[in-house]
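Below: one structure, written as structure tokens.
Number of protein chains: 2
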Amino acid sequence: MASRSTRSTQILEAAARVIARRGVRGLRVEELAAEAGVSTALIYYHFKDRTGVLRQTFEFINDRAARYTAVRDPEAPPPTPREELEEVLLLELQDDGEVRENSVAWGELRASAVFEEALREDLARATLVWVQDVAALLGRVQPLAPASSLAAAAERLTALLEGLSMRWLSGGIRADHARELIRGAVDAELAGLRQD
Amino acid sequence: MASRSTRSTQILEAAARVIARRGVRGLRVEELAAEAGVSTALIYYHFKDRTGVLRQTFEFINDRAARYTAVRDPEAPPPTPREELEEVLLLELQDDGEVRENSVAWGELRASAVFEEALREDLARATLVWVQDVAALLGRVQPLAPASSLAAAAERLTALLEGLSMRWLSGGIRADHARELIRGAVDAELAGLRQD
DNA sequence: GTCTATATTCCGATAGAC
DNA sequence: GTCTATCGGAATATAGAC
Numbered sequence: 094m095a096s097r098s099t100r101s102t103q104i105l106e107a108a109a110r111v112i113a114r115r116g117v118r119g120l121r122v123e124e125l126a127a128e129a130g131v132s133t134a135l136i137y138y139h140f141k142d143r144t145g146v147l148r149q150t151f152e153f154i155n156d157r158a159a160r161y162t163a164v165r166d167p168e169a170p171p172p173t174p175r176e177e178l179e180e181v182l183l184l185e186l187q188d189d190g191e192v193r194e195n196s197v198a199w200g201e202l203r204a205s206a207v208f209e210e211a212l213r214e215d216l217a218r219a220t221l222v223w224v225q226d227v228a229a230l231l232g233r234v235q236p237l238a239p240a241s242s243l244a245a246a247a248e249r250l251t252a253l254l255e256g257l258s259m260r261w262l263s264g265g266i267r268a269d270h271a272r273e274l275i276r277g278a279v280d281a282e283l284a285g286l287r288q289d
Numbered sequence: 094m095a096s097r098s099t100r101s102t103q104i105l106e107a108a109a110r111v112i113a114r115r116g117v118r119g120l121r122v123e124e125l126a127a128e129a130g131v132s133t134a135l136i137y138y139h140f141k142d143r144t145g146v147l148r149q150t151f152e153f154i155n156d157r158a159a160r161y162t163a164v165r166d167p168e169a170p171p172p173t174p175r176e177e178l179e180e181v182l183l184l185e186l187q188d189d190g191e192v193r194e195n196s197v198a199w200g201e202l203r204a205s206a207v208f209e210e211a212l213r214e215d216l217a218r219a220t221l222v223w224v225q226d227v228a229a230l231l232g233r234v235q236p237l238a239p240a241s242s243l244a245a246a247a248e249r250l251t252a253l254l255e256g257l258s259m260r261w262l263s264g265g266i267r268a269d270h271a272r273e274l275i276r277g278a279v280d281a282e283l284a285g286l287r288q289d
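The listed protein sequences derive, respectively, from chains A and B.
Each residue of the first sequence is one higher than the one before, counting from 94 in the numbering used here.
Each residue of the second sequence is one higher than the one before, counting from 94 in the numbering used here.
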């Protein structure tokens, strides 16, 4: 079921590209219209206002990101927990267009939430789910580790990923270097869990 | 040599407060003028334009942050390298007014650099200095560790700190929890360096 | 150096035709 | 559903007096 390319989704795809280029707070409705190849009026017809565009774009991006995780070759042997863990963490540090767009949008959401209360609840919920996923994967690699240690390690790994992602997106380091650092952190955290 | 409170520095202090409240992209010259208790025209007199204000505010904040690190009771015994290391890392996660302002500004700088080439060079330089400082401290705790391992650990610790700082500032976690997680990461990294 | 206007630009949003 | 044209407000920036 490939998502039909309706006008609305065309605009949302364009919005993701513009946000990746200019940031949430740099998104101009006029530029979005140009990127999508439509008039500004049409944007206000499909979305109530600029805020509506942003809200729906984040939804759109979230859905898209959720789909990536599912992509797997059914022929290949099932991944080990350890592989799954690294996969989940390394997936976001890819120079691929859509993945990068998602990472930029996530960073923008995080940065905007510092100043906008309204964004915090959604962000907190999404973060919690993510941290719990990672904690569960860690638990499958180190089943004897106490839950509190797993939770702390998951918080650190995901926060580290966000920090490295920002450095990557802001031009401080390359994606492959960031991935290498993540792998090192996974090693270190698993070593720590082995001792608990 | 306490920095005299010139008009310019008054405005820069006000700018730091406004940025902490509204973000870089939410800073309005008019609001800044009100906060500083001057007219908008005066701001354009002292700083060429809005961008000039932002550039100088980041410089100002950097200088201010550099001063914190130096604050130490001359009576107390000198800190161990390990203590110094934790101090440097934990310093930024404080609910204190100016420290918080600095953290917010740093996060904004990082986030803005994703979209503005012009900011990247300064940011990269400041980050490099910081990472090297931390690597040097790690080296004093684990003198036998190879330089490349020290560098990687320093990159991870500082990136983790940035990630946790954003979570703290965006309301996801409390400062003391963030500090706890940092301490755990320091433990883990030092354990890793011990084996190299 | 500092202020009180005011000019200028930019951008979100709408009216109304097709 | 989509466009052209335009309005109105907000924010940056400047002119000119003191």
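Built from N, CA and C at the ideal position, the CB exists for glycine as well.
None of these values were measured; they are calculated from a predicted model.
8 Å Cβ cutoff, residue i in contact with chain A
i: R203 (chain B); result: yes
i: A268 (chain B); result: no
i: E248 (chain B); result: yes
i: L237 (chain B); result: no
i: F208 (chain B); result: yes
i: L257 (chain B); result: yes
i: V192 (chain B); result: no
i: R272 (chain B); result: no
i: V197 (chain B); result: yes
Residue i, buried or exposed, once every other Cβ within 10 Å from all chains shown has been counted against 16
i: R165 (chain B); result: exposed
i: E248 (chain B); result: buried
i: V222 (chain A); result: exposed
i: G190 (chain A); result: exposed
i: S242 (chain B); result: buried
i: A129 (chain A); result: buried
i: Q235 (chain A); result: buried
i: E106 (chain B); result: buried
i: A240 (chain A); result: exposed
i: A134 (chain B); result: exposed
Proximity to residue i [Cα-Cα], best of the options
i: G200 (chain A); options: A:T102, A:E255 and A:V181; result: A:E255
i: A245 (chain A); options: A:L178, A:L262, A:G285 and A:A271; result: A:G285
i: G145 (chain A); options: A:E179, A:G130, A:V122 and A:L243; result: A:V122
i: L237 (chain B); options: B:R260, B:A204 and B:R287; result: B:R287
i: W261 (chain B); options: B:L120, B:A159, B:L250 and B:Q187; result: B:Q187
i: Y138 (chain A); options: A:R100, A:R118, A:D156 and A:E106; result: A:R100
i: R272 (chain B); options: A:A252, A:R276 and A:E210; result: A:A252
i: T162 (chain B); options: B:D215, B:E176, B:A126 and B:A129; result: B:E176
i: A219 (chain A); options: A:H270, A:I154, A:L274 and A:G265; result: A:I154
i: V111 (chain B); options: B:L184, B:A278, B:L125 and B:N195; result: B:L125
i: A109 (chain A); options: A:E152, A:G265, A:A228 and A:V224; result: A:E152
i: A204 (chain B); options: B:T102, B:G116, B:L274 and B:Q103; result: B:G116
i: V279 (chain A); options: A:T102, A:V181 and A:V131; result: A:V181
i: D142 (chain A); options: A:L120, A:D215, A:R160 and A:V207; result: A:L120
i: L183 (chain A); options: A:T150, A:S263, A:V227 and A:G265; result: A:V227
Contact with chain B by residue i, beta-carbon distance below 8 Å
i: A284 (chain A); result: yes
i: R100 (chain A); result: no
i: S241 (chain A); result: no
i: G119 (chain A); result: yes
i: L125 (chain A); result: no
i: R115 (chain A); result: yes
i: R213 (chain A); result: yes
i: G264 (chain A); result: yes
i: T150 (chain A); result: no
| task | Ignoring anything shorter than 4 residues or poking outside the segment 175-252 of chain B, list the alpha helix (DSSP H) runs there in chain order. | result | 190-206 and 210-234
| request: Identify every run of the alpha helix (DSSP H) within the segment 120-185 of chain A, keeping only runs that are complete inside it and at least 4 residues long; order them along the chain. | output: 122-129, 133-139, 143-163 and 174-183
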